[in-house]
Every structure is written in structure tokens, then in C-alpha cells.
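A.B. asks:
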Amino acid sequence: MELLKVVDTLDEEFDVKNVKDDWSWMFDNLFVRKSVASFRKPNHNTGLLIMNSNEVNRIYTAFAPSRYVLEAIQMKGIVNVLLVVKHPFDWDGRKNGKGFIHFTERDYQIMEGMGISIYSLHTPMDKNRNDSAVSTAYAFAKVIKMKVESEFAPEKDNTKLLLGLIGRINESKFDALTKRLSSILDYKVKTIKVNDSVGKVAVVTGGGFVPEIIQEAKDRGVNTFITGIITPNASEYSKKNYRKTFLEIKKIGLNIIGCSHYLTEKWAMKLSIPYFSSVCKAEFIEDKEALNLLE
């Protein structure tokens, strides 16, 4: 298939032209030289960011365009592919990790050698939907067996776009819920425990550790808030903002569960394969290296 026809299809499906998203703080000189100029349009950093072929023989989906994912594509041996990612850059959320990570010269060599183009859906995949494409919150709700009752949490720059879900879960005791989540995800979840009751549950994946979102959840009767990242890393953003954010959220007084960035958001890219397969033969790539970089 022609790459630009695939891009047009995805742009229309995910309303890319109307999405506001700013990644300019990640644009180093190498990225500016290698990336598609339209992706660098101010506050419009969504869609096609790397173009290395005019054709698409396969769509791969992943959490991020990490070295592991690029090498996995290289190992498969199929050239001229489109990698559709939740994030335009890789992520390291560990205590000493720098958060989002720049591409290296070697990454670009792999992409160019294999004809790998990259298409990012950071904000669009957060927009609540549950059809052949499944948003981050709906996908994670399926994984943890949450019964969804309502949607909430407007995205700060795209206020018509709702990020979060509110509903019920089988467990009534907080410790029982955290034990089950840790088992499902094969990851010891992080917690801020206020009381023993689960009550009504809210899910906002990834970077949902935001006072305004958590306050809205509380105002809607939520007692337990589940998200991705609730611990600090070594990025400048975290150094500047984490302590203030943590103290504000503690005052709100909800139970908080952190299930990591990767483990809350990879599911959308996996469960949306039915949609991407309707465009071109598609496959999800599990980033096994990302499992070593969890918060």
C-alpha cells in the first residue's frame, strides 16, 4: 500500500488535524534533521513523524519506538513498514531514568535500513473509545475487569476529549485489589493507601497522577484511583514538579494505585489490532526490554 494513503486513513480516523499536542521539548538537532516537517508544526506533534519509504507492507504497533522494538522489526525481516506508537519517543520511568528518551544515530540507521516509518498517536489513543480501536483507559479497564459506568477527565489541551473512566470492580478491600492487579500485571503495584475500602474506581492511564483529575474523580464519588506513574524519576520535569504534585494529591485523600506507564498503556496498542488490520496486515510488538524499565 502507499504510505501516504495509509497516513491519510489514520489521520482521518483519529482526527489528527484537530489534536493539540506539544513534544517540541524533545526535538534535538538530529530529530529535526530526520523527522517529517509537518510533525514539528507548533502544538501539533501527532501523526507521521518519520518517513523512510513510500510503501507500507505491514503495520506494527507498540508502546514506543524503542531500540528493542526497532530491532524486533529488523529481526522479522520485512522492509517498508509503518510503526504506529502511543508515544513518539521511548520511555525510562525508573528512579534514575530520564523519562522520555531521544532517538540515537543507531536508531535512525535501523529505521533507514529497514524502511521503517513511524506514526504517533499519543493523545488520540487516550480519547475514550471502545470499538475496533480501543483507547488506553478502556483497554486497561478490560484487563482489570472493571465495569465501566461513566467517562470523565477532559484532556487539558483538548477539552472535548475525555481520558478517564469510572466504574466498579469486584474487590471491596483495597489490599485484595492491589494483590490481584500485581498478579495480573506480574508487577508489584505502587500504592498510596488512605483507607481499606475500594469503593467506586477511576482509571486514567499513564500520566494520570494529576491533582485536577484526581480531584474531579473524588467529586464524582470515587474512592480508589488507578493510573500509571505515581513515583518520581530523574527527568527535569519530575524534579521540578513531583513533590508539589504528590503533596497536593495526598491532601485530596483518595486511595491511589500506580501500575506503571507501560503496563497501563500497551494494551490499547494491542487491543486495537482489529482496527489497524482493516487498513493493512498488522501485528503488536511487546517491548520486553520495557519490562526492565518500569517505574
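Using this note's numbering, the first residue of the sequence shown is number 963, and each one after it goes up by one. All C-beta atoms, glycine included, are put in the ideal place defined by N, C-alpha and C.
1) Per DSSP, what kind of secondary structure is Pro1116 in: helix, strand or coil?
2) Val994: beta carbon under 6 angstroms from a heavy atom of the ligand NAD?
3) Assuming Pro1086 and Phe976 are in contact, meaning their beta carbons sit under 8 angstroms apart, how far apart are those beta carbons, in whole angstroms?
4) What residues are listed by DSSP as bridge partners for Arg1130?
5) Is the segment 1047 to 1058 touching the segment 1227 to 1234, taking contact as three or more C-beta pairs under 8 angstroms?
6) In the DSSP assignment, the alpha helix (DSSP H) including Phe993 goes from what residue to what residue?
7) Can you check the segment 1188 to 1232 for any alpha helix (DSSP H) of at least 4 residues that lies completely inside it and give the ranges in chain order?
8) I need the straight-line Cα distance from Asn1185 to Ile1218, nearest angstrom please.
9) Are the Cβ atoms of Asn1014 and Glu1074 separated by less than 7 angstroms?
10) Within a Cβ cutoff of 8 angstroms, which residues of the same chain sit near Val968, ignoring the five residues on either side of it in sequence?
11) Between Thr1023 and Ile1247, what straight-line distance do the alpha-carbon atoms span, to the nearest angstrom?
12) So Asn1007 packs on Asp983, CB below 8 angstroms; how close in whole Å?
C.D. replies: So, from the data block:
1) strand
2) What this structure holds is no ligand at all, so the ligand NAD is not there to describe.
3) 4 angstroms
4) Lys1109
5) yes
6) Asn991 to Lys996
7) Correct list: 1198 to 1214.
8) 9 angstroms
9) Closer than 7 angstroms, so yes.
10) So the list reads Val1018, Ile1021, Leu1044, Val1241 and Cys1242, once near-sequence residues are dropped.
11) 6 angstroms
12) 5 angstroms
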